[in-house]
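Colleague: 75 is the number of the first residue of the sequence shown in our numbering; add one for each residue after it.
Ideal Cβ placement from N, Cα and C applies to all residues, glycine included.
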Amino acid sequence: MDDKDTNTDKSALEALDRFLEELRREFASNPAFAHRAVRALGANVVFDAGQAADLLNPVELVDSQSEEDARRTLQALSVPDLKKVAKSSRLATPTDLSRKSKDDIVALILKRAKLRLESRRSGA
75 MDDKDTNTDK SALEALDRFL EELRREFASN PAFAHRAVRA LGANVVFDAG
125 QAADLLNPVE LVDSQSEEDA RRTLQALSVP DLKKVAKSSR LATPTDLSRK
175 SKDDIVALIL KRAKLRLESR RSGA
């Protein structure tokens with residue numbers, strides 16, 4: 075190996091280091107992107123409490139976890155966050171959620187997420 079190869083290798087490694095640093099910055103500034111990337115790697119995603127309602131997709135949750143695990147994940151959220159998840163994923167309207175307990179909201183989200191998943195799988 076001559077000096078030219080060593081310099082090329084060093085330049086390639088420096089370029090990769092710069093690229094990976096930029097990628098780390100993007101992950102830090104864009105949690106939704108980081109979440110999708112980690113999911114694509116097949117890793118189990120643990121949500122930061124402040125970001126869970128923005129990042130959680132109940133249909134994907136039901137598709138990728140057992141019902142017990144999905145229920146546990148949803149139960150960890152606050153009632154306002156559950157309502158936000160239900161509304162943002164279009165699984166419930168404010169009227170649907172009115173005067174419901176936390177357990178009722180979790181059950182509603184799980185039921186409707188399963189129905190949506192079944193609908194997608196049947197091609198409807």
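Report the three-state DSSP secondary structure of Arg-27 (helix, strand or coil).
Modeller: For the chain, the structure presents residues 75 to 198; residue 27 sits outside this window and is missing.
Colleague: Go to Thr-169, then tell me how far its alpha helix (DSSP H) extends in each direction, as first and last residue.
Modeller: 168–171
Colleague: Our contact map puts Pro-132 next to Ala-187 with C-beta atoms below 8 angstroms; I'd like the distance itself, whole angstroms only.
Modeller: 4 angstroms
Colleague: Just curious, the alpha helix (DSSP H) that Arg-194 is in, first and last residue?
Modeller: 176–196
Colleague: With DSSP as the reference, label Ala-150 as helix, strand or coil.
Modeller: For Ala-150, the three-state secondary structure derived from DSSP is coil.
Colleague: Below 8 angstroms, how does it come out for the segment 137–154 and the segment 91–103: are there three or more Cβ pairs, yes or no?
Modeller: no
Colleague: Would Leu-171 pass as a contact of Lys-161 if the rule is Cβ separation under 9 angstroms?
Modeller: Yes, Cβ-Cβ distance for Leu-171 and Lys-161 is below 9 angstroms.
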